[in-house]
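Residue 192 in my numbering is what sits at position 176 of the sequence shown, and the numbering runs on without skipping anything. Okay, so here's the structure we're looking at.
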Amino acid sequence: MSDFEFIFALFGLLLGLSLAEVLGGLARAIEARLRPGSAIRIGWLTPLLGAFVMLDLLSFWQAAWTVRDVVGVSGKSLMAITVFASAYYLAAHLVFPRDIEGQPDFDAHFFRVRRIVIGVMFGLLLCQLAWYASLPTLAPHLLRPLSLGLTAILALLMAAAMFVRGARWARLVMLALVARYILVYLL
């Protein structure tokens with residue numbers, strides 16, 4: 017078993033649980049909405065936040081493959097990966113409300129949790145960039161125009177999503193965040 021395989025077992029478990037959190041929240045929301053007489057309004061904002069978290073998580077999962085040759089097993093690396101992946105889980109856990117009946121308007125829930133969820137994701141982005149910048153083999157790739165541009169767009173959209181006012185603007189920014197990831201995956 018390689019160092020990467022050993023570490024990735026822990027990492028994959030935590031990231032997989034994060035994906036399950038978002039999908040489970042969406043399933044609970046749909047189930048509650050389909051109940052006869054339900055007053056639940058899911059809207060677009062919370063599902064878009066869930067899609068963003070999942071796409072960002074997949075992006076990091078893919079990035080882990082890129083650094084597979086530079087990751088070594090140590091107490092420091094295990095702790096860093098656990099903290100990092102646990103932050104993803106925290107963000108994923110907050111996307112959908114736990115008490116669906118007590119929170120019938122999911123757009124209101126979005127506005128209550130968006131700064132925490134997207135703020136955690138923004139912090140993870142900064143940590144990831146700092147770590148990549150510390151690696152001589154990866155640091156030059158960060159300075160490529162496409163990488164710089166895509167990262168700047170991501171950071172600006174994340175900041176906008178945290179602070180934009182109004183549901184219409186929030187929907188547009190969240191759609192742009194999701195679309196940015198889809199476009200990157202298609203490139």
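Even for Gly, the Cβ is constructed at its ideal location relative to N, Cα and C. From a predicted model like this one, the values you see are computed outputs, not experimental measurements.
Could you check the C-alpha separation between residue i and residue j for me, to the nearest Å?
{"i": "leucine 33", "j": "arginine 44", "result": "16 angstroms"}
{"i": "leucine 193", "j": "glutamine 144", "result": "18 angstroms"}
{"i": "threonine 167", "j": "arginine 160", "result": "11 angstroms"}
{"i": "serine 75", "j": "proline 52", "result": "38 angstroms"}
{"i": "histidine 109", "j": "leucine 39", "result": "10 angstroms"}
{"i": "arginine 128", "j": "serine 18", "result": "43 angstroms"}
{"i": "leucine 158", "j": "alanine 149", "result": "7 angstroms"}
{"i": "phenylalanine 122", "j": "proline 152", "result": "44 angstroms"}
How is the alpha helix (DSSP H) around residue i delimited, first residue to last?
{"i": "arginine 187", "result": "183-202"}
{"i": "arginine 160", "result": "Arginine 160 -> no alpha helix (DSSP H), and no H or E assigned at all."}
{"i": "glycine 40", "result": "19-50"}
{"i": "glutamine 78", "result": "61-82"}
On the CB-based measure, 16 or more other CB atoms within 10 Å of its CB, does residue i come out buried or exposed?
{"i": "isoleucine 198", "result": "exposed"}
{"i": "proline 156", "result": "exposed"}
{"i": "isoleucine 116", "result": "buried"}
{"i": "arginine 57", "result": "exposed"}
{"i": "leucine 61", "result": "buried"}
{"i": "glutamate 21", "result": "exposed"}
{"i": "glycine 41", "result": "buried"}
{"i": "methionine 70", "result": "buried"}
Is the distance from the Cβ of residue i to the Cβ of residue j below 8 angstroms?
{"i": "methionine 190", "j": "phenylalanine 138", "result": "no"}
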